[in-house]
Amino acid sequence: MDKKKHPHEDSIESLKTRLGHLEGKNRWYYSALELVSSLGEIHRNSNHLEDPVAIFRESSPLILRLASFETLALFLADPETSRFECRTCEPADRTGTVQEEVEQWIDNGTFAWALQQPQALWVEGMQTGHWYLQGLATRSTVLGMIVAHIPAGTGRPDGDASRILTIIAQHIAQAMENARLFRANRAQNRELEELVKKRTQALESKTDELETRIREINDFTYLASHDLREPLRKLTLFGDRLKSHLGKSIDKRSTDYMEIMTRSVKRLESQIDGLLNLSRITTQGRPIQKVSLNRTLEFAINELTLEIETTRGTIQHDPLPTLHADQEQMQQMFFHLLQNALLFQKKGVSPEIRVTAYRKENGFWVIGVHDNGIGIDLTQQDKIFKPFERLHSAGQYPGVGMGLSICRKIVERHGGTLRVESDPGKGASFFIELPEP
Amino acid sequence: MSVTPDSLIANNPRISSLPEIFYLINEVINDPNSSFGEVAQVISSDTSLSLRLLKIVNSPFFNFPQKIDTITHAISIVGTEQLRDLALATSMLTKFQGIADNKVDMNSFWRHSLGCGIAARILAMQCRQPNTERYFLMGMVHDVGRLILFENLSEKAALALAENGPETPLLVDRERELIGFHHGEIGAALARAWNLPPILEKVIEFHHYPDRANDFLLETSILHFGDLLAKAMQLGNSGDPYIPVLNEAVWNRVGITPGHLPAIWKQAEAQYENAVAIILLG
Amino acid sequence: MAKIRLQQLEPGMIIAEDALTSQGKLVFPRGTRLGPESIQTLKAWGIPEVQVLDNGGSLAEKDPPDSTPGEGDWEFDDEVKALYAKSNQDHPAIQELMRLTQKSRLQKKE
Numbered sequence: 001m002d003k004k005k006h007p008h009e010d011s012i013e014s015l016k017t018r019l020g021h022l023e024g025k026n027r028w029y030y031s032a033l034e035l036v037s038s039l040g041e042i043h044r045n046s047n048h049l050e051d052p053v054a055i056f057r058e059s060s061p062l063i064l065r066l067a068s069f070e071t072l073a074l075f076l077a078d079p080e081t082s083r084f085e086c087r088t089c090e091p092a093d094r095t096g097t098v099q100e101e102v103e104q105w106i107d108n109g110t111f112a113w114a115l116q117q118p119q120a121l122w123v124e125g126m127q128t129g130h131w132y133l134q135g136l137a138t139r140s141t142v143l144g145m146i147v148a149h150i151p152a153g154t155g156r157p158d159g160d161a162s163r164i165l166t167i168i169a170q171h172i173a174q175a176m177e178n179a180r181l182f183r184a185n186r187a188q189n190r191e192l193e194e195l196v197k198k199r200t201q202a203l204e205s206k207t208d209e210l211e212t213r214i215r216e217i218n219d220f221t222y223l224a225s226h227d228l229r230e231p232l233r234k235l236t237l238f239g240d241r242l243k244s245h246l247g248k249s250i251d252k253r254s255t256d257y258m259e260i261m262t263r264s265v266k267r268l269e270s271q272i273d274g275l276l277n278l279s280r281i282t283t284q285g286r287p288i289q290k291v292s293l294n295r296t297l298e299f300a301i302n303e304l305t306l307e308i309e310t311t312r313g314t315i316q317h318d319p320l321p322t323l324h325a326d327q328e329q330m331q332q333m334f335f336h337l338l339q340n341a342l343l344f345q346k347k348g349v350s351p352e353i354r355v356t357a358y359r360k361e362n363g364f365w366v367i368g369v370h371d372n373g374i375g376i377d378l379t380q381q382d383k384i385f386k387p388f389e390r391l392h393s394a395g396q397y398p399g400v401g402m403g404l405s406i407c408r409k410i411v412e413r414h415g416g417t418l419r420v421e422s423d424p425g426k427g428a429s430f431f432i433e434l435p436e437p
Numbered sequence: 001m002s003v004t005p006d007s008l009i010a011n012n013p014r015i016s017s018l019p020e021i022f023y024l025i026n027e028v029i030n031d032p033n034s035s036f037g038e039v040a041q042v043i044s045s046d047t048s049l050s051l052r053l054l055k056i057v058n059s060p061f062f063n064f065p066q067k068i069d070t071i072t073h074a075i076s077i078v079g080t081e082q083l084r085d086l087a088l089a090t091s092m093l094t095k096f097q098g099i100a101d102n103k104v105d106m107n108s109f110w111r112h113s114l115g116c117g118i119a120a121r122i123l124a125m126q127c128r129q130p131n132t133e134r135y136f137l138m139g140m141v142h143d144v145g146r147l148i149l150f151e152n153l154s155e156k157a158a159l160a161l162a163e164n165g166p167e168t169p170l171l172v173d174r175e176r177e178l179i180g181f182h183h184g185e186i187g188a189a190l191a192r193a194w195n196l197p198p199i200l201e202k203v204i205e206f207h208h209y210p211d212r213a214n215d216f217l218l219e220t221s222i223l224h225f226g227d228l229l230a231k232a233m234q235l236g237n238s239g240d241p242y243i244p245v246l247n248e249a250v251w252n253r254v255g256i257t258p259g260h261l262p263a264i265w266k267q268a269e270a271q272y273e274n275a276v277a278i279i280l281l282g
Numbered sequence: 001m002a003k004i005r006l007q008q009l010e011p012g013m014i015i016a017e018d019a020l021t022s023q024g025k026l027v028f029p030r031g032t033r034l035g036p037e038s039i040q041t042l043k044a045w046g047i048p049e050v051q052v053l054d055n056g057g058s059l060a061e062k063d064p065p066d067s068t069p070g071e072g073d074w075e076f077d078d079e080v081k082a083l084y085a086k087s088n089q090d091h092p093a094i095q096e097l098m099r100l101t102q103k104s105r106l107q108k109k110e
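Written out as structure tokens, the structure reads:
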């Protein structure tokens, strides 16, 4: 060490040199720090650069700031074949040389060794200059290798620069892996969207099909009711003619038979009317608009003035809401429900009817029509909503048995439900649940 | 004056300073005008060290595909600082010769240290740590505090060791109770005395408590798990053979799955016997 | 089925066991027919040897049953139990290490 003692001046000179060197080193560290802190860019860019080669090209200026590589190439493992392919080489005319070198390193095991190392491997040659092999890997995956070259006569980067190069490589690898995951994630999302689209289409076509079929059924009911009325009219007409033609020569038994015939025809007629009404609910519905159920109920009550008077019934009601509905159908619904409540009455008891209303948490309005009538047996409660179902003979209680079917259909057309609760002998409660957004 | 980890080191001139050669190596590394060649020259001046280094870089420990026949070549492949850390790791045996060697089974002690170094180095490679040789060095020095304990406070150290069984608390905690500090803290004091980088000091100090090594959580977790792995592989014994509780945070930081363990085990096995031959018997 | 070093591999051979790197990356799945470039690919990944099928062998053929116990039915020596007595044996990593310790002890005995 101490071959000769330095004179004083020399040691000041050497201190100056050292200071200059340290200042230079300090500047270098500052710029290295700047570079390291700008590494976030790699990830920001990788958000829109999904191609690993593009991520590498975008990041290569950072690499070149640290080392004067005259050739810079990227090898990536093909996901299908696991083969390492040269994906980019700058300048392009060096691709062949780089590939030849890589083949040789693969052959002698150098490549595989470098791939496993977290740090870079420098392969030195006397005439060939310095080759730089830096594996590209995240903790979980090996992606490829950066291969670069510094010509002979140019110094290779020192330990600090090498370390920062490794850090850059780690960021590049992470960005590539993130981009891959991003791509995979997006592909999955697209698949999911596609699936939802397909399912929606399937549902829509199913809905169309159902609507067509409902229309067909309605059309059929409507036409059938019309076509059936014609022969009935003829039956009534020619029955009347037969009556007047036979005049007084008709005997008692024939008159009775004729009576039964006329009554049957009349009932058939009103049943057909009912059927027609039922089909009209969907085929000839009015537009849905804001409807005050208070007023609608009043109209229905007015229509029933005669029945109320004869049965000496009373009707009380809560304030009812205003909601979106078909005004005419709502009136029709109240008419049938109130009519039933007035008619199915216990002998000697005058009907007391209450109409209630409250709003459920889910936004549905529940309208209750409660009576003190004969009630409905539990086993019969499903039956009453079916067309032409009657629990009682026409003589006992009048009607064709269409009212509640019509009510249910109306409520259902409004997206609601109609149900009944009843204790036989103690009256019945009909609950209409209607949605109101 | 009470005994502290630092006083233990300071009072033991045999170990209170780095081996001479490393001062020379560091001087050259820090000299602005030096080159790889000069670092290589300094290392080569210690024949037995360079022989040992060349043996190890040509062993399965490195698995390098070509023969490396000069220190210059070794530096160019391994890196300057990496080779220095490797050199220091392989010099520990000589440095601690004669310390506590009639009280501790030295062969078993160094076998464990070597196993831990090898395991930690493999884990560090998996975690893509920049200088994996540093982890080998950590493994070699992580328990030397125990040698110093046995040299200077042999009664208490022997008492703690004698009590140690499958049902007792960890030996390191018993050391703290009996002595007031543990072997990790002595190792850290040694790293301070040798002017080693802070990372080595902290990792050695907290290798039993990886959650407390604030600035070096990942590094300490790697050494901690390497220690655990060497115990599981039953490679030597440095005092406490019992596997400690594996902390979930440590496991997550190391970031491997149980499925990785057989491959890591196999890799460590492949490197171990060779390293024993070169470093312990060579 | 035979373990073949890379030097002896020839195109047309069929891989009998997944070819994995030491880090567990799958390079060729079992059943891959080696092409002229495959050997170079194995070299690039640092895989020194692979299992290939013997002539006329079929993929269905399996290794002879392993003498080491399978999942779950491990019997641990007392010494292994003592070694892990202070650890959290319900942790999957510790469980795997226990099996590995036991396995390596069995192998050393042989």
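Protein chains in written order, with this note's numbering: chain V, 1 to 437; chain X, 1 to 282; chain R, 1 to 110.
Glycine is no exception: its CB is placed at the ideal position from the N, C-alpha and C atoms.
Do we get a CB-CB distance below 7 Å when we pair residue i with the residues of chain X?
{"i": "D2 (chain V)", "result": "The predicted position of D2 (chain V) is uncertain, since its pLDDT is 43 and thus under 50; a value taken from the coordinates is nonetheless stated next. So no, D2 (chain V) is outside the interface."}
{"i": "L96 (chain R)", "result": "Sequence inspection shows Glu at residue 96 (chain R); the Leu mentioned does not correspond to that position. Yes, E96 (chain R) lies at the interface with chain X (some Cβ there is under 7 Å from its Cβ)."}
{"i": "K86 (chain R)", "result": "yes"}
{"i": "T166 (chain V)", "result": "yes"}
For the beta strand (DSSP E) that residue i lies in, which residues bound it at each end?
{"i": "F84 (chain V)", "result": "84-90"}
{"i": "V276 (chain X)", "result": "Segment: none, V276 (chain X) is in no beta strand (DSSP E) and carries neither H nor E."}
{"i": "E421 (chain V)", "result": "417-422"}
{"i": "S429 (chain V)", "result": "428-434"}
{"i": "G368 (chain V)", "result": "365-370"}
{"i": "M145 (chain V)", "result": "142-150"}
{"i": "T314 (chain V)", "result": "314-317"}
{"i": "S292 (chain V)", "result": "289-292"}
{"i": "H130 (chain V)", "result": "129-137"}
{"i": "E49 (chain R)", "result": "49-52"}
Check whether chain V comes within 7 Å of residue i, counting only Cβ atoms and requiring the distance to be less than that.
{"i": "Q7 (chain R)", "result": "no"}
{"i": "G46 (chain R)", "result": "yes"}
{"i": "P65 (chain X)", "result": "yes"}
{"i": "P130 (chain X)", "result": "yes"}
{"i": "V27 (chain R)", "result": "yes"}
{"i": "T32 (chain R)", "result": "no"}
Between which two residues does the alpha helix (DSSP H) containing residue i stretch?
{"i": "F28 (chain R)", "result": "It is not in any alpha helix (DSSP H) - F28 (chain R) instead sits in the beta strand (DSSP E) that spans 26-28."}
{"i": "R253 (chain X)", "result": "248-254"}
{"i": "M92 (chain X)", "result": "80-95"}
{"i": "F109 (chain X)", "result": "106-126"}
{"i": "F388 (chain V)", "result": "First-last for F388 (chain V): undefined, no H or E at that position."}
Which residue from the options puts its Cα closest to that of residue i?
{"i": "D342 (chain V)", "options": "V:F364, V:G373, V:D318", "result": "The sequence given here places Leu at residue 342 (chain V); Asp does not occur at that position. Selected option, being the one with the closest Cα: V:G373."}
{"i": "W110 (chain X)", "options": "X:A120, X:L83, X:L93", "result": "X:L93"}
{"i": "V411 (chain V)", "options": "V:L22, V:Q329, V:C89, V:G274", "result": "V:Q329"}
{"i": "A89 (chain X)", "options": "X:N12, X:F136, X:D69", "result": "X:F136"}
{"i": "S17 (chain X)", "options": "X:N33, X:W251, X:S91", "result": "X:S91"}
{"i": "K290 (chain V)", "options": "V:S60, V:R215, V:E436, V:N189", "result": "V:E436"}
{"i": "I71 (chain X)", "options": "X:A87, X:P65, X:N63, X:Q267", "result": "X:A87"}
{"i": "F84 (chain V)", "options": "V:I106, V:A300, V:M333, V:T296", "result": "V:I106"}
{"i": "V36 (chain V)", "options": "V:A112, V:A161, V:V53, V:A120", "result": "V:A161"}
{"i": "T88 (chain V)", "options": "V:L66, V:R233, V:E103, V:S60", "result": "V:S60"}
{"i": "N131 (chain X)", "options": "V:A120, V:E124, V:S68, V:H130", "result": "V:A120"}
Report back the beta-carbon spacing between residue i and residue j to the nearest angstrom; my notes put them in contact at under 8 Å.
{"i": "L261 (chain X)", "j": "L100 (chain R)", "result": "6 Å"}
{"i": "T314 (chain V)", "j": "I353 (chain V)", "result": "7 Å"}
{"i": "E38 (chain X)", "j": "Q82 (chain X)", "result": "That belief does not hold up - the Cβ atoms of E38 (chain X) and Q82 (chain X) are roughly 17 Å apart, past 8 Å."}
{"i": "I376 (chain V)", "j": "A428 (chain V)", "result": "5 Å"}
{"i": "S104 (chain R)", "j": "I94 (chain R)", "result": "No, S104 (chain R) and I94 (chain R) are not in contact; Cβ-Cβ is about 16 Å, not under 8 Å."}
Are the C-beta of residue i and some C-beta of chain R separated by less than 7 Å?
{"i": "R83 (chain V)", "result": "yes"}
{"i": "E141 (chain X)", "result": "Inspection of the sequence shows that residue 141 (chain X) is occupied by Val rather than by Glu. So no, V141 (chain X) is outside the interface."}
{"i": "F75 (chain V)", "result": "no"}
Run through the segment 15-51 of chain X for me and flag every whole alpha helix (DSSP H) of 4 or more residues, listed as ranges in chain order.
20-30, 36-45
Where are the beta strand (DSSP E) runs, 3 residues long or more, that stay fully inside the segment 316-366 of chain V, in chain order?
322-325, 352-359
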